[in-house]
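In terms of full-length UniProt numbering, the sequence shown has 511 at position 511, counting the first letter as 1, and numbering is strictly consecutive. What follows is a single structure, written as structure tokens, with notes after it.
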Amino acid sequence: MPGILYQLVVAAAICALSSGSIAVASGLNATDSFLVCLIGAGVPPRLLQTPASPSYSATLLSSLRNLRYVTSDIQRPVAIVAATEPAHAQAAVRCGRRHGVRVRARSGGHDYEGLSYASLDPRERFAVLDLAAFRDVRVDSARAEAWAGSGATLGEVYYAVAAASRVLAFPAGICPTVGVGGHLSGGGFGTLMRRYGLAADNVIDAVLVDADGRLLNRTTMGEDLFWAIRGGGGESFGVILSWKLRLVRVPETVTVFTVRRSINQSASQLITKWQAIAPALPSDLILRVAVRSQPARFEALFLGRCSRLLEHMRAHFPDLGVTQSDCEEISWIQSTVYFAFYSSSKPLELLLDRSGETPRYVKAKSDYVQEPIPRHVWERTWSWLEKPEAGLLILDPYGGRMGSISPSATPFPHRKGNLYNLQYYSYWFENGTAALEKRMSWVRGLYEEMEPYVSKNPRTGYVNYRDLDLGTNELEDNVTSYARARIWGEKYFKGNFERLAAVKAMADPDDFFRNEQSIPPLPAAKGWGFI
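Okay, structure coming up:
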């Protein structure tokens, strides 16, 4: 750009910024230069916020789910870019690289450790690329496919699919406020996984902005990068704007039940037996367990009628004592409301409520269980669950389709050999250090107590239940250390971690997209033969 024209653009940009939604100082530092670059690239000033902007805090907190990351010692973004079209995301990446401002994409869902909008490193200069406007869901029922923006929620996807067809569904998580972008890029499991696999197993295309600001689809990004973003954490490789989904068939009528059993009703014995039974049930039936104090809840979804479900329960788990009165025959879309809100009679429009639960403090951890945990351990666990500061345990069984997919088919490796995923989930509303320490001690203490009974070498976890206790990244020569990242990375990805790092070295060798648990570039000396 000729010098005089460039100066005019800069002056116009500063004027627009100063009088619009954001404010900058008269002298251009790196952040100001980033903002001016965005304006010059055609991003409207109204879509930009800085800490000096009146609505910065409201925008930053608009989809925040974990109040642990609101504290003053957490590094906040130098800017928020509320992109409304792909060109805005491309500009954010290009301007960020040019002016030393990293980009963290935010879909607006749960994000247990706040990595999409906060940093533990006070030196980190980053902008949040907010994808809330990328929430369109377009369903092609004739082809059993859909396109969903990363800023959509699972509830919005379910609602749109059901509006188009009574016999189509999408296999993803239970919580309707989870963001599509984070869920799919981490794998994504839910009540249909034993029949149809993970959400990521049913992604057939995607649109991504890479580290050079290019807009790519499956064909142009290549199969290795497409493999990596379906379970390897998309934030390490680019900004994923939208996903093409394969929809799956469900009957017009499905059956659900919730059976509650207390300690006096043999809850410990039932959970002990459940561990071997649930992963071996027919693939069109899932029976999960949630425990918080008493009683334990056994929750089921069956892709069929109650009469057939009762036959399965009598054959495989008669001790649970399920009867016809426990069953509800409903549609698949009603089942998503049932599991999210504990009632099938609530309006489907609740799936469209993006605000969801009241913001709270959250800490979660996870395990994979490969051998049934002995009954005496479950009996001892009740003492943890009856403490005033107790959270809850959620047990999601695998098996079925999950056991027939290769562990290397996607970055998600937890296929064969795992009976179930165990989530430790603590949440609270009280502010203050005392409440924080008590709740964190509970979840960490129970996690430590279960160590002898879960997966080993490594002790594995699920990346969408992000846990910074497993380790955080360190830099070497301004690039994430591969050796340091392996400490946590192999716990999430096992043998797939090295391939993820190789893809990172190919797609983002300068490590532009990074956070406390992002995939590092594989050092050149290690090499990798792509397939």
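Think of the CB as a built atom: it goes at the ideal place given N, C-alpha and C, for glycine as much as any other residue. Source: prediction; values computed, not measured.
Integer-rounded CB distance, given that residue j should sit under 8 Å from residue i
i	j	result
residue 254	residue 326	The pair is not a contact, with the Cβ atoms about 15 Å apart (cut-off 8 Å).
residue 144	residue 242	That pair is no contact at about 18 Å.
residue 84	residue 47	7 Å
residue 298	residue 261	7 Å
residue 351	residue 159	5 Å
residue 461	residue 367	7 Å
residue 201	residue 218	Going by Cβ atoms, the distance from residue 201 to residue 218 rounds to 15 Å, so no, they are not a contact pair.
residue 256	residue 330	6 Å
residue 79	residue 50	5 Å
residue 203	residue 230	5 Å
residue 199	residue 184	5 Å
residue 101	residue 125	6 Å
Cβ neighbours of residue i in the same chain (closer than 6 Å, five flanking residues each side left out)
i	result
residue 92	81, 103 and 129
residue 138	147
residue 357	none
residue 458	490 and 491
residue 414	368
residue 4	The predicted model places residue 4 with a pLDDT of 36, which falls under 50 and marks its position as unreliable; any figure quoted below should be read in that light. Around residue 4: no qualifying Cβ.
residue 494	413
residue 119	75
residue 178	109, 110 and 154
residue 515	115
Strand pairing of residue i, partner residues [DSSP]
i	result
residue 148	137 and 243
residue 261	296
residue 425	364 and 392
residue 532	Any question about residue 532 goes unanswered here, given that the chain covers just 1 to 531.
residue 397	420
residue 75	119
residue 329	255
residue 38	In the DSSP output, where bridge partners are listed per residue, residue 38 has none listed.
residue 66	360
residue 288	299
residue 109	Residue 109 is not bridged to any residue.
residue 206	243
Whether residue i touches residue j by CB criterion (8 Å)
i	j	result
residue 538	residue 473	Given a span of 1 to 531 for the chain in the structure shown, any question on residue 538 remains unanswerable.
residue 181	residue 131	yes
residue 504	residue 487	no
residue 517	residue 115	yes
residue 340	residue 176	yes
residue 395	residue 420	yes
residue 287	residue 278	yes
residue 399	residue 280	yes
residue 401	residue 194	yes
residue 463	residue 108	no
residue 127	residue 77	yes
residue 141	residue 164	yes
residue 90	residue 121	no
residue 432	residue 416	no
residue 296	residue 271	yes
residue 324	residue 306	yes
residue 88	residue 37	no
residue 117	residue 60	yes
residue 466	residue 113	yes
residue 247	residue 168	yes
residue 510	residue 480	no
residue 322	residue 105	no
residue 166	residue 252	yes
Residues of its chain near residue i, where Cβ-Cβ distance is below 8 Å and the 5 sequence neighbours each way are ignored
i	result
residue 157	137, 146, 148, 170, 172, 180 and 245
residue 522	482, 498, 501, 502, 504, 505 and 528
residue 23	With a pLDDT of 41 at residue 23, under the threshold of 50, the modelled position of that residue is not reliable, and no figure is offered here.
residue 524	505
residue 445	384
residue 475	481
residue 273	317 and 319
residue 282	312 and 400
residue 453	369, 371, 373, 374 and 377
Own chain partners of residue i with C-beta closer than 7 Å, once the 5 adjacent residues on each side are dropped
i	result
residue 228	237, 411, 500 and 503
residue 174	190, 191, 339 and 340
residue 225	237, 503 and 507
residue 427	360, 361, 362 and 391
residue 284	195, 302, 303 and 304
residue 133	82, 83, 84 and 151
Is there contact between the segment 225-242 and the segment 336-351, where contact requires at least three CB pairs shorter than 8 Å?
Verdict: no, contact absent.
Between the segment 437-447 and the segment 388-398, are three or more C-beta pairs nearer than 8 Å?
When C-beta atoms of the segment 437-447 are compared with those of the segment 388-398, three or more pairs fall below 8 Å, so the two segments count as touching.
Would you say the segment 49-68 touches the segment 355-363, given that touching needs at least three Cβ pairs under 8 Å?
They touch, by the three-pair rule.
Are at least three pairs of beta-carbons, each pair with one atom in the segment 208-216 and one in the segment 371-383, less than 8 Å apart?
Contact between the segment 208-216 and the segment 371-383 is absent: fewer than 3 CB-CB pairs across the two stretches fall below 8 Å.
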